[in-house]
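Below is one structure, written out as structure tokens; comments come after it.
In our numbering, the protein residues as written are -4 to 320.
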């Protein structure tokens, strides 16, 4: 219905709505302005107007000023702080630090503060995994919900909280450099330990002779995913190049990537023992209900019909039938 009138807006609405936020990027001022006009008209037409607007495009900001459209240079996108002037993501940890320092830490408070550390892309996962491991320790030690943490867990917790301020200085670029002329390769790293398992994704894009690698998301040595299973304290995260940009060999041609030879399937290095297989057949019987209760509009009617059926079955089994019963 609206695709012909608002082709650009409907296309992006189908693919770029996250919860109650509409997040999209464009390549030109003209495309951004056209998308804004269509979104404004479409959402007003369906009585779901967008409540807040934000952009880093100075041209579109000028249009908003002329039309008295309120917008913020620093806002929240999916719970993440976005500075549109510097075009970077940040994480707001001050409220968490204050809340953690004002109360005695129990298992319940530990879970509460851990859940408030909202990081949908997992960019700070090496830091948050430490708290998740500490929460595991509370279960292993048998701590009750409103009981104070053990000394060992409490020491690690206070160290983690005190270092959280180091995350305020980390700036993550909103745009990772993709364009229509980019040659993009996705690299995925995985790791697992007894305490955690995770994966992280890196995008390597090349334009002519320029090559860059950036972390795009992760789910909480040379493998950057190793930081996800061991954990990293906040003071170390900003300087952790292998986390933000992957191993060094990603910045070189594919010939520089580490390789490993695997034995050919045609020439196995070990003798393969053949096994005889036996098939097993199983018969599964299903029973259909005698009375389909969905056919009756009331419970009383269902009981009455059931009683008549039971009476009929009883009479069929009896040698003598009394019609006066």
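Virtual Cβ for every residue (Gly too), placed ideally from N, Cα, C.
In this structure, the CA atom of residue 200 is about 20 Å from the CA atom of residue 23.
Of the candidates 181, 311, 170, 170 places its Cα closest to the Cα of residue 18. For the options 129, 140, 3, 137, the alpha carbon positioned closest to that of residue 147 is the one of 129. Between the stretch 112 to 131 and the stretch 74 to 86 there are three or more C-beta pairs closer than 8 Å, enough to call the two in contact. Residue 164 sits exposed, since fewer than 16 C-beta atoms from the chains shown fall within 10 Å of its C-beta. CA-CA distance, residue 135 to residue 226, rounds to 19 Å. Listed in chain order, the alpha helix (DSSP H) runs fully inside the stretch 12 to 45 are 24 to 40, counting runs of at least 4 residues. The continuous alpha helix (DSSP H) containing residue 152 extends over residues 146 to 158. Straight-line measurement puts the Cα of residue 29 at about 54 Å from the Cα of residue 149. By the beta-carbon neighbour count (other beta carbons within 10 angstroms, threshold 16), residue 241 is buried.
Within the same chain, 186 come within 7 Å of residue 221 by CB-CB distance, once the 5 residues on both sides are set aside. Taking C-beta separations shorter than 7 Å and ignoring five residues to either side along the sequence, the partners of residue 108 in its chain run 91, 94, 95, following chain order. Exclusion of the five residues before and after residue 7 leaves 19 as the residues of its chain whose Cβ lies within less than 6 Å of its Cβ.
Contact check for residue 232 and residue 121: beta-carbon distance about 6 Å, within the 8 Å limit, so the pair qualifies. In this structure, residue 202 and residue 194 do not form a Cβ contact; the two beta carbons are roughly 27 Å apart against a cut-off of 8 Å. The distance from the Cβ of residue 88 to that of residue 168 is about 20 Å, inconsistent with a contact at the 8 Å cut-off.
In the three-state reduction of the DSSP assignment, residue 105 falls in the helix class, which pools H, G and I. When the alpha-carbon of residue 152 is set against those of 66, 125, -2, 160, the nearest one is in 125. In the same chain as residue 145, and ignoring 5 residues on each side of it, the C-beta atoms closer than 7 Å to its own belong to 136, 138, in chain order.
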